[in-house]
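Number of protein chains: 2
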Amino acid sequence: MDQGQGALTQLRAYLAQRDLPANSRLPPERELCDILGVSRGELRKALAAMESNGELWRHVGKGTFIGARPTKEYSDVAAIAALTNPREVMQARLLIEPQIAREAALNATAGDIAELKQSMFASRHAQTWRQYENSDNRLHRTVAEAAHNTVLLALFDTLNAVRRAVVWGRLRDKIDRPPPDHHSFKEHELLVRAIEERDMDGAGQAMLRHLSHVQANLLTARQAAE
Amino acid sequence: MDQGQGALTQLRAYLAQRDLPANSRLPPERELCDILGVSRGELRKALAAMESNGELWRHVGKGTFIGARPTKEYSDVAAIAALTNPREVMQARLLIEPQIAREAALNATAGDIAELKQSMFASRHAQTWRQYENSDNRLHRTVAEAAHNTVLLALFDTLNAVRRAVVWGRLRDKIDRPPPDHHSFKEHELLVRAIEERDMDGAGQAMLRHLSHVQANLLTARQAAE
DNA sequence: AGCCTAACCAATTGTTGATTGGTTTCGCAA
DNA sequence: TTGCGAAACCAATCAACAATTGGTTAGGCT
Numbered sequence: 000m001d002q003g004q005g006a007l008t009q010l011r012a013y014l015a016q017r018d019l020p021a022n023s024r025l026p027p028e029r030e031l032c033d034i035l036g037v038s039r040g041e042l043r044k045a046l047a048a049m050e051s052n053g054e055l056w057r058h059v060g061k062g063t064f065i066g067a068r069p070t071k072e073y074s075d076v077a078a079i080a081a082l083t084n085p086r087e088v089m090q091a092r093l094l095i096e097p098q099i100a101r102e103a104a105l106n107a108t109a110g111d112i113a114e115l116k117q118s119m120f121a122s123r124h125a126q127t128w129r130q131y132e133n134s135d136n137r138l139h140r141t142v143a144e145a146a147h148n149t150v151l152l153a154l155f156d157t158l159n160a161v162r163r164a165v166v167w168g169r170l171r172d173k174i175d176r177p178p179p180d181h182h183s184f185k186e187h188e189l190l191v192r193a194i195e196e197r198d199m200d201g202a203g204q205a206m207l208r209h210l211s212h213v214q215a216n217l218l219t220a221r222q223a224a225e
Numbered sequence: 000m001d002q003g004q005g006a007l008t009q010l011r012a013y014l015a016q017r018d019l020p021a022n023s024r025l026p027p028e029r030e031l032c033d034i035l036g037v038s039r040g041e042l043r044k045a046l047a048a049m050e051s052n053g054e055l056w057r058h059v060g061k062g063t064f065i066g067a068r069p070t071k072e073y074s075d076v077a078a079i080a081a082l083t084n085p086r087e088v089m090q091a092r093l094l095i096e097p098q099i100a101r102e103a104a105l106n107a108t109a110g111d112i113a114e115l116k117q118s119m120f121a122s123r124h125a126q127t128w129r130q131y132e133n134s135d136n137r138l139h140r141t142v143a144e145a146a147h148n149t150v151l152l153a154l155f156d157t158l159n160a161v162r163r164a165v166v167w168g169r170l171r172d173k174i175d176r177p178p179p180d181h182h183s184f185k186e187h188e189l190l191v192r193a194i195e196e197r198d199m200d201g202a203g204q205a206m207l208r209h210l211s212h213v214q215a216n217l218l219t220a221r222q223a224a225e
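Protein chains in written order, with numbering that gives the first Met the number 0: chain H, 0 to 225; chain E, 0 to 225.
What follows is the structure, given as structure tokens:
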């Protein structure tokens, strides 16, 4: 009995002496056996006790680490897409993206703005709807990048992934191409210009107006299809 | 001159003949040279033309692929948390949550409002900071639920998960409890009342003011710790 | 019965060599 | 001089294999 807790005591002493920071890895069990002069079975009992106590965590092939096991959380895009519909996705875009655009106006670098213009140029000269949508996606994501906030960018990507998953079935005529007077061209231009001029309100409003038109188009396209 | 475009023509013919699906990889350049009977330089010119046109994309060590370059998407909360910091998270909350609150004012049901009040009551009577934070989390999430938009709720959950993962080191005195005049109490009340009265602007502003105070507290707490 | 030791298992990591797009260099010819 | 082609080289990536590591089992000893 005294032996059983002896291993734990030794291990605790070893850890206290080193005073290792959180998430640091401690030597493999086979080495710790030698260091502490304990058998591997006893050592593992002590480790199990400390692990169940939340003081450390272990994983095969990785090792043993100080602190709490890192939580593995996913926001499963497929799960979200299964529960929602295009209306909700569009509404979320209308609420989120203008805010991102405002932030982009504040933080965009010259490089960001150059890339925005390039995407704008590409979308204007797209030969097919497919190409246009590529450029359009790229422009919207560049806006999100220009906000220079990792979390906002991640949220945008999630939203975007959901959007793509939801509007999956929607297809446009592959032969046709965007008309030269497509509403997005002018709207994109206003958006990029507002960002370039550091006009937060202007950028937010431009994005809002652009997405409102996209939403309106979704409705008409849907009505036309029925 | 005819040669220069000849490579592109041959490449296009090759691709048209195979009719490869999107995201499929085509042979390495050195092989394509032999297949098409073109020099590598000319082939690369043709590939560059098609790449700038958005028809394919290339990457060292990977190869050349049909279609648009896949955007690197985040959905792993741990990955986001590793790349960001409390400042960015707080900023994202300031941009997102007020918009959610506005939507909640529009869509909240009587049941939602009842639950909001219950969370508010619980947070006001919390015995420890731990309990308070549970109630506070619950209130904020109920607001997101009250927006009745699956996508917005999912984005909120993602943001929340990132927040929890990022504020790792932050510790509050476990003995102490929230003071009776804690700023959040009054702010929560204003928020819930605005939602109840269907006041979108009021709800958005209340949430914005509340989070601004939270942000300010973060700063002072940080300063006090140093 | 309890323990140590040794061996084995499966998940993970590390390493090495080959592959691949990108670039440079040199020779040649118009 | 200019442009093209062939070859060599570079760095990022991938693929396959060996080594590491926590988890488990079997046998022998006290």
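Idealized CB from N, CA, C, for every residue including glycine.
Neighbours of H/A91 in chain E, taken as residues at a C-beta separation under 8 Å, are given in chain order as N148, V150, L151 and L154. Under the Cβ distance rule, H/T108 does not count among the residues neighbouring chain E, no pair being separated by less than 8 Å. Below 8 Å, too few C-beta pairs join the stretch 120 to 135 of chain H and the stretch 179 to 187 of chain E to call them touching: fewer than three. Judged by beta-carbon spacing, E/R43 lies within the 8 Å limit of E/E28, meaning their Cβ atoms are closer than that value. The three-state reading of DSSP puts E/L19 in coil, since its state is none of H, G, I, E or B. Identification of chain E residues near H/N133 by a Cβ-Cβ cut-off of 8 Å yields G53 and A67, ordered along the chain. Spatial neighbours of H/S23 in its own chain (CB-CB distance under 6 Å, excluding positions within 5 residues in sequence) are listed in chain order as I65. Residues of the stretch 120 to 145 of chain E whose Cβ lies closer than 9 Å to any Cβ of chain H: none. Contacts with chain H at 8 Å (Cβ-Cβ) include E/E102. Here E/V165 has A80, T83, N84, P85 and V88 as same chain residues with Cβ atoms under 8 Å from its own Cβ, once five neighbours each way along the sequence are excluded. Inter-segment contact for the stretch 145 to 152 of chain E and the stretch 208 to 219 of chain E is absent: fewer than three beta-carbon pairs are separated by less than 8 Å. Per DSSP, E/I79 has no beta bridge partner at all. In this structure, the beta-carbon distance from E/Q98 to E/G203 falls below 8 Å.
Cβ contact annotation for H/E195 (same chain, cutoff 6 Å, sequence separation greater than five): I112, in chain order. H/N133 places its beta carbon less than 8 Å from that of E/G53. Put simply, the CB of H/T219 is far from chain E, with every gap to its CB atoms at 8 Å or more. Comparing C-alpha distances from H/A193 to each of H/K116, H/P179, H/P177 and H/A78 shows the shortest one belongs to H/K116. The three-state reading of DSSP puts H/H181 in coil, since its state is none of H, G, I, E or B. Residue pairing by DSSP places H/G62 opposite H/H58 in a beta bridge.
Under a 10 Å Cβ-count criterion, E/I95 is classified as buried, with 16 or more other Cβ atoms of the shown protein chains found around its own Cβ. Inter-residue distance for E/L7 and E/L25 is about 15 Å (C-alpha atoms, whole angstroms).
Taking a Cβ-Cβ threshold of 8 Å, none of the residues of chain H is close to E/I194; the smallest such distance is about 16 Å. For a Cβ distance threshold of 8 Å, residue set V150 and L154 of chain H lies close to E/L158, ordered along the chain. The C-beta distance from E/R163 to E/W128 rounds to 15 Å, too long to meet the 8 Å contact threshold.
Any Cβ of chain H closer than 8 Å to the Cβ of E/V161 would place that residue at the interface, and such an atom is present.
If you draw a straight line from the Cα of H/L158 to the Cα of E/M119, it comes to about 30 Å.
If you compare the alpha carbons of E/N106, E/Y131 and E/E102 with that of E/P179, the shortest gap goes to E/Y131.
Counted as a single uninterrupted DSSP element, the alpha helix (DSSP H) harbouring H/V88 occupies residues P85 to N106. Put simply, the CB of H/Q98 is near chain E, with a gap under 8 Å to one of its CB atoms.
Taking E/G36 as the centre and dropping the five residues before and after it, the same chain places no C-beta closer than 6 Å to its C-beta. Beyond the five residues adjoining it in sequence on each side, E/A103 comes within less than 6 Å, by CB distance, of V142, A145, A146 and I194 in the same chain, given in chain order.
For H/L210, not one C-beta of chain E is nearer than 8 Å to its own C-beta. Rounded to whole angstroms, the separation of the alpha carbons of H/L93 and E/M49 is 34 Å. Contact with chain E is found for H/L94, since one of that chain's Cβ atoms lies less than 8 Å from the residue's Cβ.
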